[in-house]
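Be aware that the sequence shown starts at 0, since it is given in numbering that gives the first Met the number 0, and climbs by one per residue.
Note that the Cβ used here is the ideal one computed from N, Cα and C, for glycine as well.
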Amino acid sequence: MTTVIMRTTARVVVPIILVVAVSLFVEGHNLPGGGFIAGVLTTTAFALLYIAFGLDFLERGILERDVEPGKTPSRDRVVVAYRRVFTFGLTIAVGSGLVPILLDLPFLTQSYVEFEGVPLYGHVEIASALAFDFGVYCVVVGGLLTIISAVGAE
0 MTTVIMRTTA RVVVPIILVV AVSLFVEGHN LPGGGFIAGV LTTTAFALLY
50 IAFGLDFLER GILERDVEPG KTPSRDRVVV AYRRVFTFGL TIAVGSGLVP
100 ILLDLPFLTQ SYVEFEGVPL YGHVEIASAL AFDFGVYCVV VGGLLTIISA
150 VGAE
């Protein structure tokens, strides 16, 4: 059982952690960081919610799954969901590396697309490394949450 202080702190800190994770993810395709560190921070936010509120809160409140009141959610179902995120991320990361091969370029060759007239930004460049970073992000989140759920069950 957690204290009111822990729950209140989690409510304040988790959104800050997630904003920093998004910032690092978006910045990562041009600078060091990106998918890995954003995934670690997102997992930290989920772990903090798990510690403060329990798996039932994550199932109902965050993941929007139906759980009967008073009944503990199945950890196997949660782990399967995390493994799907891991598999999806691995597919995206490997796929972003293989696409250049189809274009007769070396594995993981990166490119970018420029967009003009974007509201608030004007000029935006989207690098293909963003897809790879997203794949890494999903792999890290899925993998670490699977580990945390498995260890938490013990």
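Contiguous alpha helix (DSSP H) elements confined to the segment 88-152 occur at 128-152, taking only those with 4 or more residues. Only exposed fits G116, as fewer than 16 other CB atoms lie within 10 angstroms of its CB. Out of G142, V150, G151, the CA that lies nearest to the CA of T42 is found in G142. Only residues of its own chain outside the window of five on either side were considered, and among them V138 have a CB closer than 6 Å to the CB of L89, listed in chain order. F114 counts as exposed, since fewer than 16 other beta carbons sit within 10 angstroms of its beta carbon. For G34, the enclosing alpha helix (DSSP H) stretches over residues 34-52. Separation of the CB atoms of L47 and V12 is rounded to 7 Å, and the pair is thereby assigned contact status at 8 Å. Per DSSP, T1 lies in no alpha helix (DSSP H) segment and is marked neither H nor E. Taken atom to atom, the span from the alpha-carbon of A126 to that of A44 is near 27 Å.
Within its own chain, the residues whose Cβ lies closer than 8 Å to the Cβ of L40, once the five positions on either side in sequence are excluded, are I16, L17, V19, A20, L23, listed in chain order.
Between G96 and F131, the beta carbon gap of about 7 Å places them in contact (Cβ cut-off 8 Å).
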